[in-house]
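Taking it in order: structure first as structure tokens, then the write-up.
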Amino acid sequence: MASSATLPFSVIPPPTITTSSPKPPPPQNPNLSVLRLCTHLREATQVHALMIKTSQSSDPYSAGRLAEFYAVSPGGSLDFAAKLLDTFRDHPPPMFIYNTLMRGYLLKNHPLQSLHLFRELLLASAEPDHFSFTFALKACTQIHALRAGMQLHAHAIKRGIDSNAHARNKLIHLYAVCGVVRDARKVFDGITELDLVAWNSMLEGYADNKDGDSLHELFDRMPARDVVSWNTLMAYYIEMGEFEEAVDTFRSMQESGECCPNRVTLVSVLSAITHLGALGQGLWAHAYINRNQIELDENLSSSLINMYSKCGCIEGAVYTFHATNRKSVDTWNAMISGFTANGHSLKAVEVFSTMESSKVGPNKITFACVLNACSHGGLIDEGMRNFRKMTEIYRIEPDIGHYGCMVDLFTRAGLFDKAEELIQTMPFEPDSVMWKAILGACRIHKNFMLGEKAGLRLIEVAPNDNASYVLLSNIYALSSNWRGVHKVRKMMSDKGIKKIPGCSSIELDGVVHEFIAGDNGHPRKREIYEMLSEMGEKLKLKGYEADTTQVLLDIEEEEVKENSLALHSEKLAIAFGLISTSPGTTIRIVKNLRVCGDCHAAIKLLSMIYDRDIIVRDANRFHHFREGSCSCMDYW
Numbered sequence: 001m002a003s004s005a006t007l008p009f010s011v012i013p014p015p016t017i018t019t020s021s022p023k024p025p026p027p028q029n030p031n032l033s034v035l036r037l038c039t040h041l042r043e044a045t046q047v048h049a050l051m052i053k054t055s056q057s058s059d060p061y062s063a064g065r066l067a068e069f070y071a072v073s074p075g076g077s078l079d080f081a082a083k084l085l086d087t088f089r090d091h092p093p094p095m096f097i098y099n100t101l102m103r104g105y106l107l108k109n110h111p112l113q114s115l116h117l118f119r120e121l122l123l124a125s126a127e128p129d130h131f132s133f134t135f136a137l138k139a140c141t142q143i144h145a146l147r148a149g150m151q152l153h154a155h156a157i158k159r160g161i162d163s164n165a166h167a168r169n170k171l172i173h174l175y176a177v178c179g180v181v182r183d184a185r186k187v188f189d190g191i192t193e194l195d196l197v198a199w200n201s202m203l204e205g206y207a208d209n210k211d212g213d214s215l216h217e218l219f220d221r222m223p224a225r226d227v228v229s230w231n232t233l234m235a236y237y238i239e240m241g242e243f244e245e246a247v248d249t250f251r252s253m254q255e256s257g258e259c260c261p262n263r264v265t266l267v268s269v270l271s272a273i274t275h276l277g278a279l280g281q282g283l284w285a286h287a288y289i290n291r292n293q294i295e296l297d298e299n300l301s302s303s304l305i306n307m308y309s310k311c312g313c314i315e316g317a318v319y320t321f322h323a324t325n326r327k328s329v330d331t332w333n334a335m336i337s338g339f340t341a342n343g344h345s346l347k348a349v350e351v352f353s354t355m356e357s358s359k360v361g362p363n364k365i366t367f368a369c370v371l372n373a374c375s376h377g378g379l380i381d382e383g384m385r386n387f388r389k390m391t392e393i394y395r396i397e398p399d400i401g402h403y404g405c406m407v408d409l410f411t412r413a414g415l416f417d418k419a420e421e422l423i424q425t426m427p428f429e430p431d432s433v434m435w436k437a438i439l440g441a442c443r444i445h446k447n448f449m450l451g452e453k454a455g456l457r458l459i460e461v462a463p464n465d466n467a468s469y470v471l472l473s474n475i476y477a478l479s480s481n482w483r484g485v486h487k488v489r490k491m492m493s494d495k496g497i498k499k500i501p502g503c504s505s506i507e508l509d510g511v512v513h514e515f516i517a518g519d520n521g522h523p524r525k526r527e528i529y530e531m532l533s534e535m536g537e538k539l540k541l542k543g544y545e546a547d548t549t550q551v552l553l554d555i556e557e558e559e560v561k562e563n564s565l566a567l568h569s570e571k572l573a574i575a576f577g578l579i580s581t582s583p584g585t586t587i588r589i590v591k592n593l594r595v596c597g598d599c600h601a602a603i604k605l606l607s608m609i610y611d612r613d614i615i616v617r618d619a620n621r622f623h624h625f626r627e628g629s630c631s632c633m634d635y636w
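Numbering-wise, full-length UniProt numbering puts 327 at position 327 of the sequence shown, and it's gapless, one number per residue.
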């Protein structure tokens, strides 16, 4: 929501119009030479003291260089920069000193102080230039101060500064960020000679406000596009969950020849590929990085590790991790999380131990990853030790996510009393993630009474989350409490909440194929259903019996229940994988929901029957099926 922050412009008479205040070339001045060599605050303050002693503190050239060091340099001080203004007693400080200080406030995340300084320069009858307005507009944008921004726009028009390209682009961005896209477009349409920055500012405005139609219309109209234009379109697709379109945009960008992808582009396309679980496309993106000799920085290496991990290719993640020379905390976190997701909890803990020996210190996310690894691996003592280590050694206060991992750790092991004790002593109220963890444990340990209690609390905490109702319905169905199932379904119906349909996808030759339960729309449906029939026959020969408790409907006919289970989306995807790939090829499936118990049991047998590694990424974790067993050890 836009802020109602205002500035007292109306009481200030407009000064003489000026469109710039260029800094003139400095004369020979020994202070300037010394200031250019300063790297620490102590050195700069010594030069400053000398300037005061020799009555040169109000020299505009020396003061300007000093202001730049104080306001912009990492070793500077905004407090010292602000005191520079007091050295000009006979006349207002030069505008470039005001502008430098405004810029410094913005760089160091103090937009309100930047606006206050703009107010001060007006009160001092100084003459703001287009740089001043640009910095003030940027400050308004950062704090969503629409009203103040509109006043700035009005005064820019009075001073003739609104025609400046930098000011116009900041105005477009301000209006778009504050949700007033129509006004942003008015500014855009009023520009007679549009530059690429203006096009991109308007493009980003439509993307930020999720106006896809206008975004595409403008993108197609652009006379030229740069990497920012393409990145904006990709970011929009990712934000909207249209990951295949994001990858297609990356391909189109390369085919256009208009520009080369940068690191932002590559991080974006890897994010889209990760969501799709499309390893083939991820390998292609990694090959592009290697072919163009792009060095792996922290963001790019973390994105690659994350992509490989979430595509079930932990070997690729490990290779990338070791190929990264400068590992940041994000790089370490990605590797720990990757091992955990793929069922290698002990290796995740080992990586954490190695990290502790390095120069990179863990953060809150690191401990969330480690505790999650301990939870998934049943490493109770290790989990408790690391939970204590957070506060005792690293002085990191655990948040509700860390407590949630500990509750998950205890309940997975059936230690419900310890979990309850922790919940009662923690400084937070249990959130939906915690109640879901308890529900999952109750399902495994058949603790239906506690499961019902946790499910009802979950609905209280997350009443609009369809998963809350589905999980409680599962508990009722597993105990054949069909009255409870109907009660939950009525609650969903009354609140207009619908269960998200299960969807599974598999990548083949760069194309992602999606299936829903009972899907018959695929071009190869006849072959798929023939393979399903074959799979069913071979499963029966191995002693498989459908777990009809997984059918969460009150259906009396057992045969109907079995048919319903046979057509689950992951089984359709596996059937397609079997008919489309050569023997021995790993089948990789991505499912949007948690895999059901019946499918889990069936896929274990199918991995043995067809001698295939089958990797399923569901909403909870990865399942690596091989030779009749699963990496999750039947707990997910």
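Beta carbons: idealized from backbone N, C-alpha and C, even for Gly.
message: For the beta strand (DSSP E) containing residue 503, name the first residue and the last one.
response: 503-508
query: Looking only at C-alpha atoms, which of 361, 362, 151 and 307 sits nearest to residue 342?
result: 307
- prompt: Got a sec, what are the start and stop residues for the beta strand (DSSP E) residue 116 sits in?
  reply: Taken as a continuous stretch (DSSP letters only), residue 116 belongs to no beta strand (DSSP E), being part of the alpha helix (DSSP H) at 111-123.
- request: Return yes when the Cβ of residue 469 is within less than 8 Å of the Cβ of residue 449, no when it is not.
  value: no
- prompt: With a cut-off of 8 Å, do at least 3 Cβ pairs link the region 232-245 to the region 259-275?
  reply: yes
message: For residue 203 and residue 479, I'd like the C-alpha separation in whole angstroms.
response: 54 Å
field: Same chain only: Cβ atoms within 6 Å of residue 579, ignoring 5 sequence neighbours per side
entry: 527 and 531
query: How big is the Cα-Cα spacing for residue 474 and residue 499?
result: 12 Å
DSSP-derived helix/strand/coil call for residue 191: coil
Close Cβ partners of residue 351 (< 6 Å) along its chain, the five nearest in sequence each way excluded: 335 and 336
query: Skipping 5 residues on each side, what residues in its chain have a beta carbon closer than 6 Å to that of residue 445?
result: 414
message: Could you compute how far the alpha carbon of residue 313 sits from the alpha carbon of residue 439?
response: 30 Å
query: Do three or more CB pairs link the region 601-609 to the region 326-334 at distances below 8 Å?
result: no
message: For residue 625, which residues in the same chain have their Cβ closer than 6 Å to its Cβ, ignoring the five residues on either side in sequence?
response: 603, 604, 607 and 614
task: Output the boundary residues of the alpha helix (DSSP H) element that contains residue 269.
output: 263-276
- request: Using a threshold of 8 Å, state whether the C-beta atoms of residue 588 and residue 279 are closer than that.
  value: yes
field: Residue range of the unbroken beta strand (DSSP E) whose run includes residue 617
entry: 614-617
task: Please classify residue 352: does DSSP put it in a helix, a strand, or coil?
output: helix
- request: Mark residue 618 as exposed unless 16 or more other C-beta atoms lie within 10 angstroms of its C-beta, in which case mark it buried.
  value: buried
- request: Determine the DSSP secondary structure at residue 407, reduced to helix, strand or coil.
  value: helix
message: Distance check for residue 99 and residue 464, CA to CA, integer angstroms please.
response: 48 Å
- prompt: In three-state DSSP terms, what is residue 511?
  reply: strand
field: Contact belief for residue 568 with residue 517 at Cβ below 8 Å, rounded distance in angstroms
entry: 5 Å
- prompt: Apart from the five residues just before and just after residue 310, which ones in its own chain have a Cβ nearer than 6 Å to its Cβ?
  reply: 274
- prompt: Which residues in the same chain have their Cβ closer than 7 Å to the Cβ of residue 627, if we skip the five residues on either side of it in sequence?
  reply: 607 and 608
- prompt: Quick one: Cα of residue 462 to Cα of residue 209, how far?
  reply: 27 Å
- prompt: Helix, strand or coil: which one does DSSP assign to residue 588?
  reply: strand
- request: Kindly identify the DSSP beta-bridge partner or partners of residue 622.
  value: 617
field: Spatial neighbours of residue 380 in its chain, beta-carbon cut-off 7 Å, leaving aside the 5 residues before and after
entry: 409 and 413
message: Buried or exposed for residue 630, going by 16 or more other Cβ atoms inside 10 Å?
response: buried
- prompt: Going along the chain, which residues of its own chain have a beta-carbon closer than 6 Å to the beta-carbon of residue 633, five neighbours each way excluded?
  reply: none
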